[in-house]
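Peer 1:
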Amino acid sequence: MTTVRWRLFADLAEVAGERETAVTVADDATVEDALDALLDNHDGLRTRVFDDGVLADHVNLLRNGADTSLSETVSDGDELALFPPVSGGRAPTPNPDRTERR
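Numbering (UniProt numbering), first residue to last: 1 to 102.
#1: According to DSSP, what are the bridge partners of Arg7?
#2: By Cβ distance, which residues of its chain are closer than 6 Å to Ala37, with the 5 residues on each side in sequence left out?
#3: Check this for me: beta carbons of Asp78 and Arg63, under 7 Å apart or not?
#4: Rounding to the nearest angstrom, what Cα-Cα distance links Phe9 and Phe83 in this structure?
#5: Report the partner residues of Leu61 according to the DSSP bridge assignment.
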């Protein structure tokens with residue numbers, strides 16, 4: 001059996017009620033298998049992560065700090081991360097003292 005650690009960020013961590021958790025999957029498991037195991041334990045995440053049964057475009061999925069695909073095989077001790085896009089704020093207002101030449 002293979003154990004992988006999930007790290008959850010922002011609202012995904014809030015929905016799950018924790019920022020980190022571990023799941024155990026078969027030795028030949030994929031990222032998708034590990035995600036299924038995570039969602040089996042945190043069903044509230046399912047609607048945040050999937051859109052019509054497909055991984056939502058706005059969800060970022062990393063394996064050991066690098067972009068990954070659902071079909072990639074996981075290894076014992078891997079760290080998988082799920083997080084929504086970071087956005088918000090507004091464009092800065094120009095400061096006339098800094099933009100106008102005198």
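Even for Gly, the Cβ is constructed at its ideal location relative to N, Cα and C.
Peer 2: On the basis of the coordinates in this document:
#1: Glu20, Ala81
#2: Val23, Val25
#3: yes
#4: 5 Å
#5: Leu82
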